[in-house]
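Trainee: Before we start, here is the structure in question, set down as structure tokens.
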Amino acid sequence: LTYYTPDYETKDTDILAAFRVTPQPGVPPEEAGAAVAAESSTGTWTTVWTDGLTSLDRYKGRCYHIETVVGEENQYIAYVAYPLDLFEEGSVTNMFTSIVGNVFGFKALRALRLEDLRIPTSYSKTFQGPPH
Numbered sequence: 011l012t013y014y015t016p017d018y019e020t021k022d023t024d025i026l027a028a029f030r031v032t033p034q035p036g037v038p039p040e041e042a043g044a045a046v047a048a049e050s051s052t053g054t055w056t057t058v059w060t061d062g063l064t065s066l067d068r069y070k071g072r073c074y075h076i077e078t079v080v081g082e083e084n085q086y087i088a089y090v091a092y093p094l095d096l097f098e099e100g101s102v103t104n105m106f107t108s109i110v111g112n113v114f115g116f117k118a119l120r121a122l123r124l125e126d127l128r129i130p131t132s133y134s135k136t137f138q139g140p141p142h
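Just so you know, we're using the working numbering here: the sequence shown kicks off at 11 and counts up by one.
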């Protein structure tokens, strides 16, 4: 699976995340962005027997754009789109655990920070709480 897909066009139903990434020396920004998308969605270092049961392409996060942070050496904003099918409805905990729970200790990165998150209205409406 390729997690860096610069030709991907985001959908209104995608959860969009912007991560500030500082790759380790020698790691290209595209590889760092792809690593974030993979580790926060369907990627794993281990071969899993269930991989053959379904098409993971439908569920994977996609790093679709990377830009240099002006004035900062070796820092980039990696934009990642996640399909809603990846997340449990009504669970903010599941969403944040999936997006940021596993990626911050990733060895290809020297530093990583979630800068921004866009949650589609259709997904927000599944959360319990006041209607306003």
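Glycine residues also receive a C-beta, built at the ideal position from the N, C-alpha and C atoms. All of these numbers come straight from a predicted model, not from anything done at the bench.
(1) Assign Ser108 to buried or exposed, taking buried as 16 or more other Cβ atoms, counted over all protein chains shown, within 10 Å of its Cβ.
(2) Grouping DSSP H, G and I as helix and E and B as strand, with all else coil, what is Thr32?
(3) Mind listing, in chain order, the continuous alpha helix (DSSP H) runs of no fewer than 4 residues lying wholly within the stretch 70-127?
(4) How is the alpha helix (DSSP H) around Gly43 delimited, first residue to last?
(5) Let me confirm a value: Val90 is counted as buried when at least 16 other C-beta atoms fall within 10 Å, else exposed. Which label applies?
(6) Buried or exposed for Trp55, going by 16 or more other Cβ atoms inside 10 Å?
(7) Can you find a heavy atom of the ligand ATP that lies under 6 Å from the Cβ of Leu26?
(8) Given a cut-off of 7 Å on the beta-carbon distance, is the pair Ala48 and Tyr13 in contact?
(9) How would you write the range of the alpha helix (DSSP H) that Tyr133 sits in, first residue to last?
(10) How many angstroms separate the CA atom of Thr32 from the CA atom of Leu26?
(11) Assuming Asp24 contacts Pro130 under a Cβ cut-off of 8 Å, what Cβ separation, rounded to an integer in Å, is found between them?
(12) Tell me the DSSP secondary structure of Tyr14 in three-state form.
(13) Excluding the five sequence neighbours on either side, which residues of its own chain have a C-beta within less than 8 Å of the C-beta of Phe97, listed in chain order?
Mentor: By the coordinates alone:
(1) Position 98 of the sequence shown, counted from the first residue, corresponds to residue 108. By the 10 Å Cβ count, Ser108 comes out buried.
(2) Against the sequence shown, residue 32 aligns to sequence position 22. It is a strand residue.
(3) Counting whole runs of 4 or more residues, the stretch 70-127 contains the alpha helix (DSSP H) stretches 102-110.
(4) Along the sequence shown, one-based indexing puts residue 43 at 33. Counting along the chain, the unbroken alpha helix (DSSP H) around Gly43 starts and ends at 39-49.
(5) On the sequence shown, position 80 is the one that residue 90 refers to. Looking at its Cβ environment, which holds 16 or more other Cβ atoms inside 10 Å, Val90 is buried.
(6) In the sequence shown, counting from the first residue as 1, residue 55 sits at position 45. Low local confidence applies: a pLDDT of 44 at Trp55 is under 50, so the model's placement there is unreliable, and no value is given.
(7) Among the components modelled here there is no ligand, and therefore nothing to report on the ligand ATP.
(8) Taking the sequence shown and counting its residues from 1, the one referred to as residue 48 is at position 38. Taking the sequence shown and counting its residues from 1, the one referred to as residue 13 is at position 3. Tyr13 is positioned such that its CB atom lies closer than 7 Å to that of Ala48.
(9) Residue 133 sits at position 123 when you count from the first residue of the sequence shown. Start and end: 131-134.
(10) Taking the sequence shown and counting its residues from 1, the one referred to as residue 32 is at position 22. Taking the sequence shown and counting its residues from 1, the one referred to as residue 26 is at position 16. Distance between the alpha carbons of Thr32 and Leu26 is about 19 Å.
(11) The count along the sequence shown starts at 1 and reaches residue 24 at position 14. The count along the sequence shown starts at 1 and reaches residue 130 at position 120. Rounded, the Cβ-Cβ distance is 7 Å, consistent with contact.
(12) Here residue 14 refers to the residue found at position 4 of the sequence shown. Under the three-state reduction of DSSP output, Tyr14 falls in the strand class.
(13) As a first step, residue 97 must be located in the sequence shown, where it is residue number 87. Spatial neighbours of Phe97 in its own chain (CB-CB distance under 8 Å, excluding positions within 5 residues in sequence) are listed in chain order as Ile25, Asn104, Met105, Ser108, Tyr133.
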